[in-house]
Amino acid sequence: MPSPFPSDSPGSTFYDDPSLDYTISAPMKDWDRKRSEWMASHRWITPRKMILVIGSQPTACKNPTDDHLILRFFKNKADYCRLHGYDIFYNNILLQPKMHTFWAKLSAVKFVMISHPKTTMMKRKNL
């Protein structure tokens with residue numbers, strides 16, 4: 002079936018690159034150029050300005066109250082995103098098992114950056 006979008010050609014994109022890796026150990030090269038090319042070939046997509054990346058541990062908490070609080074916090078963030086028109090990405094798996102605890106979020110952010118090229122990634126200076 003032909004694509005309903007004329008610029009959605011079957012040509013290759015950066016997703017077809019065999020060296021594409023979502024782990025932190027492999028740096029993404031030429032991301033700005035690749036993203037610009039992807040956006041140029043998908044002009045019907047309006048760039049989203051915000052995506053919220055959140056996550057929790059993959060195992061249950063020791064205390065059932067903590068699991069309940071994690072669920073409530075997630076629902077609060079999901080409602081906020083829905084009300085303001087933001088996308089949300091929830092991750093509860095280790096995308097790179099060697100990076101555990103709070104470092105696990107780096108792999109999730111890289112995954113979101115690559116899988117959502119329509120989203121502008123903001124850099125915060127002066128951390």
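With our numbering, letter number 46 in the sequence shown gets 47, and the count goes up by one each step, no holes.
Heads up, the beta-carbon is just placed ideally off N, CA and C, and yes, glycines get one too.
#1: At which residue ranges does the region 56 to 102 contain complete alpha helix (DSSP H) runs of 4 or more residues, listed in the order of the chain?
#2: Tell me where the alpha helix (DSSP H) around residue 35 begins and ends.
#3: Suppose contacts are defined by Cβ-Cβ distances below 8 Å. Is residue 68 in contact with residue 61 by that definition?
#4: Considering only their Cβ atoms, is the gap separating residue 51 from residue 87 smaller than 8 Å?
#5: Rounded to the nearest angstrom, what separates residue 74 and residue 119 at their Cα positions?
#6: What is the DSSP secondary structure of residue 52, reduced to helix, strand or coil?
#7: Just to confirm before moving on: does the CB-CB distance between residue 25 and residue 108 stay below 8 Å?
#8: Given a cut-off of 8 Å, decide if residue 56 and residue 111 are closer than it, judged by their beta-carbon atoms.
#9: So is the beta-carbon of residue 56 under 7 Å away from any non-hydrogen atom of the ligand SAM?
#10: Short check: CB of residue 89 to CB of residue 53, under 8 Å?
#11: What did DSSP end up calling residue 114 once you bin it into helix, strand or coil?
Result, derived from the coordinates:
#1: Qualifying alpha helix (DSSP H) stretches, in chain order: 65 to 85.
#2: Sequence index remark: in the sequence shown, residue 35 carries index 34 (1-based). Boundaries of the alpha helix (DSSP H) harbouring residue 35: 32 to 42, taken from the DSSP string.
#3: The count along the sequence shown starts at 1 and reaches residue 68 at position 67. The count along the sequence shown starts at 1 and reaches residue 61 at position 60. Yes, these two residues count as a Cβ contact at 8 Å.
#4: As a working mapping, residue 87 is identified with position 86 in the sequence shown. As a working mapping, residue 51 is identified with position 50 in the sequence shown. For residue 87 and residue 51, yes; Cβs fall inside 8 Å.
#5: Locating residue 74 in the sequence shown gives position 73, where the first residue counts as 1. Locating residue 119 in the sequence shown gives position 118, where the first residue counts as 1. Looking at the two C-alpha atoms, the distance is approximately 26 Å.
#6: One-based indexing of the sequence shown puts residue 52 at position 51. In this structure, residue 52 counts as strand in the three-state DSSP scheme.
#7: Indexing the sequence shown from 1 puts residue 25 at position 24. Indexing the sequence shown from 1 puts residue 108 at position 107. The beta carbons of residue 25 and residue 108 sit closer together than 8 Å.
#8: In the sequence shown, residue 111 corresponds to position 110, counting from 1. In the sequence shown, residue 56 corresponds to position 55, counting from 1. Taking 8 Å as the Cβ cut-off, residue 111 and residue 56 do not qualify as a contacting pair.
#9: Looking at this structure, you won't find the ligand SAM or any other ligand, since it has none at all.
#10: The residue given as residue 89 occupies position 88 in the sequence shown. The residue given as residue 53 occupies position 52 in the sequence shown. In this structure, the beta-carbon distance from residue 89 to residue 53 falls below 8 Å.
#11: By one-based count along the sequence shown, residue 114 stands at place 113. Looking at residue 114 - three-state DSSP - the assignment turns out to be helix.
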